[in-house]
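The structure appears right after this line, and notes come after that.
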Amino acid sequence: MHFAPRRHAYRMFALGVPLLGLVLATAVHAAPPGPSESSETAVQSASPGYYRLTLGDFTVTALYDGHTRIPQKILHGLGAADIEASLARAFLPAAAPLNTSVNAYLVEMDKNLVLVDAGAANCFGPTLGKLRHNIRAAGHRPEAVTTILITHMHGDHVCGLADEQGKMAFPNATVWAAKDEAAHWLGQDNAGGGSGATEVARAALAPYISAKKFKTFVPPEPILPGLLTVATPGHTPGHTGYLFTSRAQRLYIWGDIVHSQAIQFARPEVSLDFDHDPRQAVATRKETLADTAGKRLLVAGAHLPFPGIGHIRAEADGKYQWVPLEFSQQLPPPGLPGRQGQAAPLKPGP
Ligand SMILES: [Zn+2]
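Yeah, the sequence shown ends on 486 if you go by this note's numbering, and it's all consecutive.
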């Protein structure tokens, strides 16, 4: 997704982050209750925003960055009555903005700690920007992240690369993105359009580029053993999915293939203002849904309801249904099969 960046987004770093840190610290830390923890602030956070599962020898942690709302007027390709019918089917009110989660994923792969997307930081207001807090809540440190894979360079996926001083929020990580995506947003011809979104992307990537810790690839180039890249253009020119495979179990992290689960699984033809090339975005979504449903792939999406992990079921007339995995607190030692919600073992294949 891409939102119009807030004016003075970078000035907000200085104001927003200390406050946000204070709020979240009171909600999660296990210290004895103090005055602040008995306040409403402590109650407003339902739970730490992470969810863990195993995938063969890998451990995957879904990380919640926060939520935002999509106004219905930015949806295209479907009449108002059909949108209302889709929302009613999902038990959602007719006229309300669409609630949308912003998720990122951390994958422990042997010696590598791989983060897919970096959240919105303070670029889009206080309902987002919780990623680094939730990395710590999940028992990891931002300093331990070795590799960051960017699905695309909209602010809700890259702003979190930089800290409140504009420095690397993940100081030991190398950031990867598709060559086409980098050319669009960072290239000399300023193909990103010179918009606020371009400035946001450039500011987020700048510290890594300066430190020579930014690299590009051309899909389907693999980045690490068990990690393939998949070109999924349309939402942005170099939009990329990442396929993780361990012991024949697979997880496909697809970025922004679906922004509204209430509408776009049943009506994949719906595009958004955020789509760089709406026709291509729709074609890519239809292809991706058919492919992931047909292969029974476990899928994770940046804007699916947190933790945003599940399967896709094909229905009649080119429609699909999202089937989220079931919650479980049981985590077997890596490599042991049988956990509910774990990816079904699949024969190796494309
Ligand atoms: Zn997005």
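C-beta atoms are modelled at their ideal positions from N, C-alpha and C, and glycine is treated no differently. Quick caveat, the model's predicted, so the values are computed rather than measured.
Is the beta carbon of residue i less than 8 Å from the beta carbon of residue j?
i	j	result
LEU387	VAL366	no
LEU214	ARG403	yes
ASN258	THR282	no
ALA314	HIS371	no
ALA305	ARG268	yes
ILE448	LEU461	no
ALA224	LEU199	no
THR381	GLY391	no
PHE260	ASP292	yes
GLY192	GLN385	yes
LEU228	VAL406	no
LEU264	THR204	yes
Say the cut is 7 Å; is the CB of residue i nearer than that to a heavy atom of ligand 1?
i	result
HIS439	yes
HIS290	yes
HIS293	yes
ASP392	yes
Where does the unbroken alpha helix (DSSP H) through residue i begin, and where does it stop?
i	result
ARG403	Counting along the chain, ARG403 falls outside any alpha helix (DSSP H), and DSSP gives it neither H nor E.
GLU335	332–346
ALA426	414–430
ARG277	Element bounds for ARG277: n/a, residue is neither H nor E.
SER222	216–225
ALA273	267–273
Looking only at C-alpha atoms, which of the options sits nearest to residue i?
i	options	result
LYS266	LYS209, ASN248 and CYS295	CYS295
THR197	ALA419, ILE389 and GLN457	ILE389
GLY430	ASP413, ASP409 and GLN457	GLN457
ALA342	TRP321, PRO355, LEU461 and VAL354	TRP321
PHE350	SER183, GLN466 and ALA319	ALA319
GLN301	GLN465, ALA339 and VAL354	ALA339
GLY374	LEU364, PRO355 and ALA384	PRO355
GLY202	ARG225, GLY192 and ILE271	ILE271
ILE206	LEU408, ILE445, VAL435 and VAL459	LEU408
GLU497	GLN416, ALA221 and LEU363	In the structure as shown, the chain begins at 137 and stops at 486. Residue 497 is therefore absent and cannot be evaluated.
THR195	PRO369, ASP246 and ALA230	ASP246
VAL336	LYS455, ALA347, LEU297 and PHE353	LEU297
ALA230	ARG415, LEU242, LYS209 and LYS348	LYS209
THR190	LEU264, LEU434, GLY332 and GLN324	LEU434
Between which two residues does the beta strand (DSSP E) containing residue i stretch?
i	result
GLY291	That residue, GLY291, is in no beta strand (DSSP E); its alpha helix (DSSP H) goes 291–294.
LYS351	350–353
ALA313	310–314
GLU244	234–245
ILE393	No beta strand (DSSP E) holds ILE393; DSSP gives it neither H nor E.
LEU434	434–436
ILE210	Looking at the DSSP string, ILE210 is not in any beta strand (DSSP E), and its letter there is neither H nor E.
HIS439	Unbroken run through HIS439: none, as it is neither H nor E.
THR376	376–382
ILE445	445–450
Is the closest heavy atom of ligand 3 to the C-beta of residue i under 7 Å?
i	result
SER222	By its list of ligands, the structure shown excludes ligand 3, since it contains just ligand 1.
**Message:** Three Cβ pairs or more, each shorter than 8 Å: is that satisfied between the region 353–368 and the region 396–405?
**Reply:** Result no; under three Cβ-Cβ pairs closer than 8 Å.
**Inter-stretch contact (C-beta, 8 Å, three-pair minimum) for the region 279–299 and the region 252–264** = Flag = yes, the region 279–299 and the region 252–264 touch.
**Prompt:** Within the chosen definition, does the region 411–427 reach the region 438–445 through at least 3 CB pairs nearer than 8 Å?
**Reply:** no
**Request:** Taking 8 Å as the threshold, find out whether the region 224–239 comes into contact with the region 275–286 through three or more Cβ pairs.
**Result:** no
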